Each structure stands twice: as C-alpha cells, then as structure tokens.
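The structure appears below as structure tokens.
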Amino acid sequence: MAKPCFCRFSLSLADCSFVFAEKMPSAACDMLLDDIEDIVSQEDSKPQDRHFSRKHVVPKVRRRNTQTYLQEENSPPSDSTIPGIQKIWIRTWGCSHNNSDGEYMAGQLAAYGYKITENPSEADLWLLNSCTVKNPAEDHFRNSIKKAQEENKKVVLAGCVPQAQPRQDYLKGLSIIGVQQIDRVVEVVEETIKGHSVRLLGQKKDNGKRLGGARLDLPKIRKNPLIEIISINTGCLNACTYCKTKHARGNLASYPIDELVDRAKQSFQEGVCEIWLTSEDTGAYGRDIGTDLPTLLWKLVEVIPEGAMLRLGMTNPPYILEHLEEMAKILNHPRVYAFLHIPVQTASDSVLMEMKREYCVADFKRVVDFLKEKVPGITIATDIICGFPGETDQDFQETVKLVEEYKFPSLFINQFYPRPGTPAAKMEQVPAQVKKQRTKDLSQIFHSYNPYDHKIGEKQQVLVTEESFDSKFYVAHNRFYEQVLVPKNPSFMGKMVEVDIYESGKHFMKGQPVSDAKVYTPSISKPLAKGQVSGLTKEFRNTLGIHPNLMSHSHAATPRDSALPQDCAWRAAVGLALVALLFAFFAKVYN
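In the working numbering, the protein residues as written are 430 to 1020.
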C-alpha cells in the first residue's frame, strides 16, 4: 500500500482558525482513495498513539481593533473588490435605442447598489456603450477605452461595436455585454471588478424564436425623467450594403403589443409626459409576430393621458407604404406628434440599388406627398449619405434637387464612411475630397432656407421637457415636434403651455407664454427625481433584497451587504458540521 499522506487541514470559523497538524511529514498524494480509512495502513502508528503524541488543537484568535473594524465594515473602501459598492461612469454614443439600453443598464446597476456618477475621474469602472454607424463614433469609443486603461479604470464594453466585431485587437481581454444581454449587466460588472474578463454576446430566444431583447420592465435611470424611450423591436428586414448595425442588431425581432402597452402605462405612472418609440426600423414592427405598427399605435394612444405626447421613430419607406392611410390618421391624433423620420439616403435610383435599399425615389416621394396632404404641417425628417461608392456628379445633383424641392426642416447629412465587413467597403470608393465637398455643398443648401419664418406670430401649444444646452431657456416642442424655446420658469417643466411665437432660427422658434395661458399638467403623477431608479417592481426588489423605499441610485441598498450576515451564518454552520464529522471519525477509530 502506498505511504500515507497526511495533509494540513485548515478551517476558518468566525474569528477563530482551528489547525489540525500531524507530526508526520507531508507527502504528495499520488493515488485516489475510495474511503477516508484507506489512509491508515498496518505499518502506521495507531490513532491512540498519535492522539497522545500530537499537539492539542488550539484556537488561534485574531486580535483586532473593534472600533476600526466596525468603521471599515460600515464604510468599505471605494477600491474594495466587494462588488456592489463601486462608482460607475456610463458613456453612450449613437441612436435613441442605444440610449435606452444605457438607461436600462444604469438602472440595474444602481438598483444593485452601485453608484452611478457623472464624473469619469472618480469612477472605479467605465461602462462604454458604443455606436457602429460611422467611423468617428467608433474612434471616440476606441479612444475612451485607451484613456480608461491609462487611468487604470476597470472597463466594460457594450453596444453595437463589440457585438458586431468582438475579436478586434483593441477589444482583447476586455469584458463585453451584448445588445440583447443588457439584463445581465450586473453579472458582467461584478466579474470585471473581481478582475475577470467576461463576454456575453448571445441572442434572447424562446422556443428557438428570437426575441426583441431584454425585458422591458427592468429598472432604468432615465436621462430625462420626463421622457421614456421604448424600443418596440430590434434589428430589421433589410440588408443595406453600407450598414454595420445589422451585424450587431440582426434580423427583426418585435416585442409583443401587451408588453409595450404595459411599459407605457408604467412610464406615465412615474411622471413621464413624452414617449419615444424607437428601433432600427419602426415601420417593420410586428411582421415577425403577426401584427403591424398601426395596430400597436392605436393600442398605445388609448393609454396616453391627455396632454402627454407620443413620438414615432425612424421608418424606412417600403414598410410605411403599406399603411399610409392608417398612419395619416394616427399622425393626426392630438396625442401623437405630427412628425416622421423617413431616410431617403440619396435621390439616385442607381445608387439606391447599389445600397440595396429596396425602394426607389418615387416611393419616397409618394410617402412624403401623401402625408403632407393628409397631415397638414407634418414635419418630415430625412437622412442623406454623400459620396456613396459609385455616386456620380449627376447622382449627387439629383439629391440636391430633392432637398431644394422639399426643403426638409430636419436633415441629417452624412459623409459616407466604409464600415469594415460591409459590402460597400469593398466597392470602388469616391475620393475623400469629393465626399467632403459634396457634404459641404449640401449643407450650404440646407442652411440657405429658414423653415420657421412664416410661423412668427402664431399661438402654439408646446410641451416643455428639458433645458437648452446653453441653460438660457427651456426646450419645448409643438404639435409638429418643432423646437420652441421658452423662458426658464420652473412651473413650466413637464407642462403643456400656450405661447406666442416671436422669433425663429434655423432649428428653433422662440415663444413667450400668453398672459392668460393655462399651464396644463399632462402627467398623472409626479415625475421621478433626476437619477432616481424607475421600474423597481416588487419582484425585482425581492430578488435583490432591496427595501421599497430605496429607489434612488445614491441611496440604493447593497444586496451584498444585506447578504453578509446570512453568508457568515452559513459558513459557521458548515464549519461546525465538518468539525463534528472529524471528531465522530476519530471516536469510531478509538473504539
């Protein structure tokens, strides 16, 4: 039989450490034992002999300063590796869908006990939520990663860039959370703080069918407590040759109507007065689950309080063409902004074909002309790409004529950037100088007209929702989602106010409240405070052990803290059980 192996056994129990040490030298165990009694051979000394020769078991007491210990326990250091107490800075680039994801991640982290900070220098971890639409956005994302590493910050990456290309060199060794896994952000942050690298990039599925993403009733911290951003679906049905977002968001997956309506109801109960519907293509909503966008919108307007407003997100021309009549009726509804974002990208059919946009310029014009006729005053916003591969001067001139004809009040002009892995990146490129010049020329045309001059002198009802960038005015929007600047009267915030338009600019109007104006409150309850966590359902609080009153991220309960007493008790019980087993074993041998 092999020489016995006596191993040192150490057990930590509360403040005492019991150490059982044999006098025999330690040896490496090179065979598996079927039973603990197999360690005793005939040549070995008997347990009775060893019992009197070995040292008594002596508890080693660790002395400590009780006062200092209590102070440290109540106020753990900011660099502690115990998850749930660190400060986290969240930076989001890109679309409203991405912003909604960022709000959800902030809410879950705050509910768990992390402190969300707006100061990156004081943060222990940076959560960087990226956009992959254009090169500049990814450049900012990459530079932020580098800066975080230089400042020895923990980093978690989110959004479309790492989802679409997780194997890029500058992402190596970093934690990544996928666009459909945002409900697991706490796990990823927790492991990252412990020093691990975690990557969750999978898709949400139910019986093999792809879902829209994480649950809509998760906690969130709204950037603006008055505005709720609801993602109605993720992905799209197109395969545009220039689009990198498709690689990240995938094919269309829609949320059920009842879940979206419930989310809207919850938002209004939390003081929201404006809802934005967002997705990669709102017009395609429901095609994967047997419904459509108008059906959803009619259900939503039933639950919108009077004075609150709904804003539709971007829709591509092919899918809205099928619902023009219904969409016109919905856009005329008093609680829906008469506003629609319909990207045209170019007025050249040949370029549209190279882009694989699945419509022609005539389709776009039909949508715009119909809505302008049926919804008087409607605001049509659109996008244009300058310098797409193969675009000729004649193609560009067609786009110029379209802008001059419709004089879009809201126009997003983008120089073409070839995104890695897209078909357009492999096409013959337009020279960089030509792309820049076309972008500049189109921008000059856009700035040559003022879309709001004719509205001076009008009386308008506007909904006030935020503060201007220069902090001099409050920002409101009228029925057509046109920006109206009003005086900074705190009583106006979150309210519907009647104003006289007295000035206009390229992107705004200025309004003065009429003397006898009624300030109408659309919200059915008081808005949450800025930074307060919304959506903390009873189920979620019970899961994390959060007290119902602890709703603000600055005072959120730390589940780890509440679990510590139970954890200590569990360890003590296990330790006592092990000690009992050992004594029972030796008692059996003695007898």
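Glycine included, every Cβ here is placed at the ideal spot set by N, Cα and C. Given the structure is predicted, the values throughout are model-derived calculations rather than measurements.
Item: Would you mind listing the beta strand (DSSP E) stretches within the segment 669 to 711 that are 3+ residues and don't spill past its ends, in chain order?; Value: 703 to 707
Item: When DSSP labels each residue in this structure, what does Gln597 get in the three-state scheme?; Value: coil
Item: To the nearest whole angstrom, what separates the beta carbons of Ile842 and Phe875, a pair I think is in contact under 8 Å?; Value: 7 Å
Item: Helix, strand or coil: how does DSSP classify Leu645 here?; Value: coil
Item: Whole angstroms are fine: how far does the CA of Tyr684 sit from the CA of Tyr533?; Value: 16 Å
Item: Going by the DSSP bridge assignment, what does Thr663 pair with across the sheet?; Value: Ala682
Item: Classify Cys815 as helix, strand or coil using the three-state DSSP reduction.; Value: strand
Item: For my contact list, Pro747 and Tyr788 are in at a C-beta cut-off of 8 Å; report their separation, rounded to the angstrom.; Value: 5 Å
Item: Which residues bound the alpha helix (DSSP H) around Glu857?; Value: That residue, Glu857, is in no alpha helix (DSSP H); it is neither H nor E in DSSP.
Item: Spatial neighbours of Gly819 within its chain, please: CB distance less than 6 Å, with the 5 preceding and 5 following residues excluded, ordered by chain position.; Value: Glu783
Item: So is Pro805 buried or exposed if we call it buried at 16+ other beta carbons inside 10 Å?; Value: exposed
Item: Would you call the segment 735 to 752 and the segment 706 to 720 touching, i.e. three or more CB-CB distances under 8 Å?; Value: yes
Item: Measuring alpha carbon to alpha carbon, tell me which of Leu750, Val608, Glu657 and Leu726 ends up nearest Ile686.; Value: Leu726
Item: From the DSSP output, read off the bridge partner residues of Trp727.; Value: Paired residues: none, contrary to the question.
Item: Indicate whether Val928 and Val893 have their beta-carbon atoms separated by less than 7 Å.; Value: no
Item: Determine the extent of the beta strand (DSSP E) in which Glu539 is found, giving its start and end residues.; Value: In the sequence on display, residue 539 carries Ala and not Glu. No beta strand (DSSP E) contains Ala539, which is instead part of the alpha helix (DSSP H) from Ser525 to Tyr541.
Item: Among Ile656, Gly712 and Arg613, which residue has its Cα nearest to the Cα of Leu647?; Value: Arg613
Item: On a Cα-Cα basis, can you pick out the residue from Ala810, Glu932, Ala535 and Leu629 that is closest to Glu886?; Value: It is Gly, not Glu, that sits at residue 886 in the sequence shown. The shortest Cα separation from Gly886 among Ala810, Glu932, Ala535 and Leu629 belongs to Glu932.
Item: Relative to the alpha-carbon of Ala668, which residue among Lys785, Val948 and Glu802 has its alpha-carbon at the smallest distance?; Value: Lys785
Item: Here's the rule: buried if 16 or more other CB atoms are within 10 angstroms of the residue's CB, otherwise exposed. What is Gln537?; Value: buried
Item: Let's see if you can read the secondary structure: which residues bound the alpha helix (DSSP H) around Arg795?; Value: Val790 to Lys803
Item: Given this structure, state the Cα-to-Cα distance separating Ile813 from Glu827, to the nearest angstrom.; Value: 12 Å
Item: Roughly how many angstroms separate the alpha carbons of Val585 and Tyr949, rounded to a whole number?; Value: 43 Å
Item: Where Ser525 and Ser559 are concerned, what is the direct C-alpha to C-alpha distance, given to the nearest angstrom?; Value: 12 Å
Item: Look at the alpha carbon of Lys728 and the alpha carbon of Ile650, and state the distance between them as a whole number of angstroms.; Value: 26 Å
Item: Rounded to whole angstroms, what is the Cα-Cα separation between Lys638 and Val829?; Value: 44 Å
Item: DSSP beta-bridge partners for Gly940?; Value: Ile930
Item: Suppose the cutoff is 6 Å on Cβ atoms and the five residues either side in sequence are ignored; what does the same chain contact list for Lys582 look like?; Value: Trp555
Item: Can you list the alpha helix (DSSP H) stretches of 4 or more residues lying completely in the segment 818 to 844, in chain order?; Value: 822 to 835
Item: Sort out for me which residues DSSP pairs Asn1024 with in a bridge.; Value: A query on residue 1024 cannot be resolved here, the shown segment of the chain reaching from 430 to 1020 and no further.
Item: Suppose contacts are defined by Cβ-Cβ distances below 7 Å. Is Val590 in contact with Ser604 by that definition?; Value: no
Item: Looking at the strands, I want to know which residues DSSP matches up with Val893.; Value: Ala905
Item: Pull up the DSSP beta-bridge partners for Arg546, would you.; Value: A quick correction: the sequence has Thr, not Arg, at residue 546. According to DSSP, which records beta bridges pairwise, Thr546 is partnered with Trp518.
Item: Is DSSP giving Asp635 helix, strand or coil here?; Value: strand
Item: So what does Val913 bridge to, in DSSP terms?; Value: Ala905 and Met938
Item: May I ask which residues mark the beginning and end of the alpha helix (DSSP H) holding Leu760?; Value: Leu753 to Leu760
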